[in-house]
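First the structure, in the form of structure tokens, and then the observations on it.
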Amino acid sequence: MEMPAAISLDVILGGAAGPLMAHWLDLSRARGGGVPLRAQIDPAAIAPLLSCTYICERTGADIRYRLAGAQIEQVLGASVRGMTLPEIFHDPLALEVIGGIYNSIMDGPSLAFGRGQVYVRLDRISFGTRLVLPLSSDGSAVDMLIGVTVREVERKLGVDESTDKRQNSVVIPLRDLPGLNWSGA
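Heads up: the sequence shown begins at 20 in my numbering, then just goes up one per residue.
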């Protein structure tokens, strides 16, 4: 399971995270373009992905999980609702990478997309698809994000097997995603 050579809207829509991308696009269009509002998200539109969906909000310098599906919490080992990134991710490299990706998404606005290794926890490694998209709490600031991490294959790590714990997601400004024709804020 590898990243596609070229990432485009069609690649994202045709994959495991496609329902979230399609819903996000519908919401953006309903607003006349721009980043959708958090309040617009319809759980029924992404029902197959709810267990692997999360929503985060940036308040000042903190990024806080507002919602995390059952699969996300299972992988992280706890309920993360209301927790900040440093309260969840204790590895400084993981914290720096994830915080950097999330801030880039909200600052862009951008999206993050990845295929391949999505989790390494204890003695297990998971491969799949990750998509993270910007949201707004109030219609003006891009201060939230919604993401899905779809685990497609999971296996036990070998005794002497090493892993690369870096995220394989690529951050792409919305204006630069082939096929999107982004003109929003």
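Heads up, the beta-carbon is just placed ideally off N, CA and C, and yes, glycines get one too.
Assuming residue i is part of the alpha helix (DSSP H), what are its boundary residues?
i: Ile124; result: Pro111 to Asp126
i: Asp45; result: Gly37 to Ala49
i: Ala89; result: Ala89 to Leu95
i: Ile31; result: Leu28 to Leu32
i: Ile107; result: Leu104 to Ile107
Could you compute how far the alpha carbon of residue i sits from the alpha carbon of residue j?
i: Asp29; j: Gly88; result: 26 Å
i: Ala58; j: Trp201; result: 21 Å
i: Ala113; j: Gly37; result: 26 Å
i: Ala35; j: Gly79; result: 32 Å
i: Ala41; j: Pro111; result: 34 Å
i: Asp162; j: Ile60; result: 15 Å
i: Gly33; j: Ala66; result: 17 Å
Thinking residue i and residue j are a contact (beta carbons under 8 Å), I'd like their distance in whole angstroms, please.
i: Gly133; j: Val189; result: 6 Å
i: Pro128; j: Leu193; result: 5 Å
i: Leu68; j: Leu39; result: 6 Å
i: Ile82; j: Gly118; result: 6 Å
i: Leu130; j: Leu196; result: 7 Å
Report yes if the C-beta of residue i is less than 7 Å from at least one heavy atom of the ligand GTP; otherwise report no.
i: Arg50; result: Ligands in the displayed structure: none, and consequently the ligand GTP is not present.
Within the continuous beta strand (DSSP E) that includes residue i, where are the two ends?
i: Val190; result: Val189 to Pro192
i: Arg77; result: Thr72 to Thr78
Considering only the alpha carbon of each residue, which of the options lies closest to residue i?
i: Leu56; options: Ser27, Ala160 and Gly119; result: Ala160
i: Thr148; options: Val94, Asn187 and Ile117; result: Asn187
i: Gly53; options: Thr168, Met125 and Val167; result: Met125
i: Ala49; options: Gly158, Met163 and Ile65; result: Gly158
i: Leu44; options: Glu171, Val169, Leu154 and Ala25; result: Leu154
i: Cys75; options: Asp195, Glu171 and Gly166; result: Gly166
i: Arg85; options: Ser156, Ser27 and Ala63; result: Ser156
Using the rule of at least 16 other Cβ atoms within 10 Å of the residue's Cβ for burial, across every protein chain shown, is residue i buried or exposed?
i: Ala97; result: exposed
i: His109; result: exposed
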